[in-house]
Amino acid sequence: MFDLFSDIFTYRDNALTRIDPRAKLVIALAALIALLTAERVVLPLFVFGICLGTVITLRIPVKLVAVRLAAPLSIVAVLVVIQTFFTGTTPLFTITFAGWPFTAKVEGLRQGVFLGARVLGSVSVVFLLGVVTPAHRIFQALRWFRISRNWLEIAILMYRYIFVLMDRVADLASAQRLRLGYTARGRAMRSFTALAGATIIHSLEQANRTHDAMRLRGYRGTMPFGPLPALGRRDRLITALCLIGIISARLLEWGASG
Amino acid sequence: MGGKRMKAIAVTGVHFTYDDGTEALTGIDFHVEEGEFVAVLGSNGSGKTTLIQLLVGLLKAKSGRIAIGGREIGSLTAEELYQRVGLVFQNPNDQLFAATVEEDVAFGPRNLKLPEEEVQVRVTEVLAAVAALPLRGRAIHHLSFGEQKRVSLAGVLAMRPSVLILDEPTAGLDPAGEAQMMQLLKKLNREERMTVILATHSVDMLPLFANRIYVLDRGRVLQQGPSEEIFCHQEMIDRAKLRLPYVSRLMYEMKRHDGVPIDGLPLTIGEARAQLLELIPKEMILPGIEEIGS
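If you're matching them up, the sequences are chains A and B in order. Yeah, the first sequence ends on 258 if you go by our numbering, and it's all consecutive. Yeah, the second sequence ends on 552 if you go by our numbering, and it's all consecutive.
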């Protein structure tokens, strides 16, 4: 469960972790725009392939990749099924489910695969960014992009306390499990409800204590941030090259579509 | 100790009752002089945490007077108050809210609107003081509990308070971590002349560090004085639901049940060892086998 949020790989030293987070953020944003405006399946699948290949080259465990991609893959599967059976006109095949005939259509399948590829491509870009950049560096970069301080403050606190609350939830869940809290469906439901309630109470208590601690160190409603260094020449060059690559790929695709 | 020192903290006749009617403090008097190392000893529910929350302004006393460095707590601005008193919470997770060690320690100095160079100097200084300089760039959630404790202490020290208050600073630490934390506090007190107030119910290390001990029970001060004075009142210790340090307990039992002629009540291993060496015939002692610490 907690592998989902593991960030230990972002602290490894490699070519991608050494790039300034602002550069990575600009490149990721450009890639996302290119994917969202893509008109054919090739570009999203190409980006997905590159991101997946990079992640594997960086020796990120396959299990972590699978866990993190599980949710978007499920969305893709649902998208493909819905599009295939509910849009388009040219029949592909028909299946019967609970006495009802469902006809898959060529256009629907094509549209589903296209949308799914866009989702996969976009998610893989964000995933790659997440395994080569620690969250606090992303927050620093967002600050540089003049994102609202209040939003950032909330994001920083959420990120910090996710781990504390997860530890607490894991302890509570283990305590419930040790007292047979999850042995039957009804009991499991009650245990889970109690766990959710306890988590909310813990979060509120934690918030109060943290606010006290912040006040004692001069907090008056605005979190102070340190200055960011100027973007280095190497990082500017990498950003420029990647942006040229992304724009070229998008233009090539546009030309091929036209 | 020298001449009369200024009162770092002066609490006189303070009452505090929580909204649910729980009477936490009933007319408490509590005084700490500058540069003292004072321990507030008490069982759970004795009022220790309420007292320290009053001292840092997190709670407001219903009646009585609290002065910090000679000034009424109510007359101090938040900036003035938190540069005079710093509180280290029992659970470091309550206190460490930034993503990295450096950002967390820099939080207070940046709130004081210090120039960034000064912020960095303070961060380096306090991290070095708590032996956490190598942790500077680390994410908070990757630290061990002992490291988190030291970093939370650094975050408070970066405000450069003259009075440092700690709520159960050794709770949850292993013996090595406990000893390291206490040595750190001793160093801050003895070398930096920082006033240290420690709320705890752990008694074993106090005789080594504390100049004075306040014993609290159900919101009242049962007794206050140097550790040798406090721990000779066995009945009072029992009433406060506390215990003697283990070494003192052993010596007390030997004296009481076995008639071993022990003078007074040794409070530390060093004192106990010295007394036992006097009682053991010289020919039975093999010199220089192994040195044990006191």
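We treat Cβ as the ideally placed atom computed from N, Cα and C, and that holds for glycine.
For the 8 Å CB-CB criterion, B:F288 and B:K320 do not form a contact.
Judged by DSSP secondary structure, B:E291 falls outside any alpha helix (DSSP H) and instead within the beta strand (DSSP E) spanning 281 to 291. The continuous alpha helix (DSSP H) containing A:V78 extends over residues 62 to 86.
A:G121 places its beta carbon 8 Å or farther from that of A:V80.
In the structure shown, B:V314 falls within a coil segment according to DSSP collapsed to helix, strand and coil. Across the segment 415 to 437 of chain B, CB contacts with chain A closer than 7 Å involve M417, in sequence order along the chain.
Within chain B, no residue has its CB atom less than 8 Å from the CB of A:H202, the nearest being about 11 Å off. Against chain B, the CB of A:L157 has a partner CB under 8 Å away; the residue lies at that interface.
Close partners of A:Y219 in chain B (Cβ separation under 8 Å): F365, N369. Under the three-state reduction of DSSP output, A:D212 falls in the helix class. Residue environment for A:N14: exposed (fewer than 16 other C-beta atoms within 10 angstroms of its C-beta).
Proximity to A:C51 across A:R18, A:V132, A:F85 peaks at A:V132, based on C-alpha coordinates. Here DSSP, grouped into helix, strand and coil, assigns A:R177 to helix. One finds H399 in chain B with Cβ atoms closer than 7 Å to the Cβ of A:F163, taken in chain order.
In this structure, B:R342 sits away from B:G366, with a CB-CB distance that is not shorter than 8 Å. If you draw a straight line from the Cα of B:R380 to the Cα of A:A184, it is about 56 Å long.
DSSP places B:H273 in the strand class (E or B) of the three-state scheme. Residue environment analysis places A:R137 among the buried positions, since at least 16 neighbouring C-beta atoms fall within 10 angstroms of its C-beta. Its chain contains L502, L523 as the residues whose beta carbon lies nearer than 7 Å to that of B:Y510, once the 5 sequence neighbours on both sides are disregarded; these appear in chain order. Listed by position along chain A, the residues whose Cβ is nearer than 7 Å to that of B:N351 are V164. Collapsing the DSSP output to three states places B:R501 in coil. The beta carbon of A:I60 is closer than 6 Å to those of F9, V131 in its chain, skipping five residues each way along the sequence. For B:V314, a Cβ of chain A is located within less than 8 Å of the residue's own Cβ. Annotated three-state conformation of A:R236 is helix, per DSSP. DSSP, read as helix, strand or coil, puts B:A437 in helix. Beta-bridge annotation (DSSP): B:A325 is paired with B:A268, B:E330. Nearest CB-CB separation between B:A319 and chain A: not below the 8 Å threshold. Here DSSP, grouped into helix, strand and coil, assigns B:Q406 to helix. Considering only beta carbons, the part of the segment 332 to 350 of chain B lying closer than 8 Å to chain A consists of A336, E337, Y340, G344, L345, F347, N349, in chain order. Look at A:F102 here: in three-state DSSP terms it is strand. Cβ proximity to chain B below 8 Å picks out nothing from the segment 178 to 189 of chain A. Close partners of B:E383 in chain A (Cβ separation under 8 Å) are lacking, with about 16 Å as the shortest Cβ gap. Contact annotation: the segment 198 to 212 of chain A touches the segment 350 to 358 of chain B, with at least three C-beta pairs closer than 8 Å. Between the alpha carbons of A:I156 and A:F139 lies a distance of about 7 Å. In the structure shown, A:G112 falls within a helical segment according to DSSP collapsed to helix, strand and coil. Under the three-pair Cβ rule at 8 Å, the segment 76 to 96 of chain A counts as touching the segment 105 to 114 of chain A.
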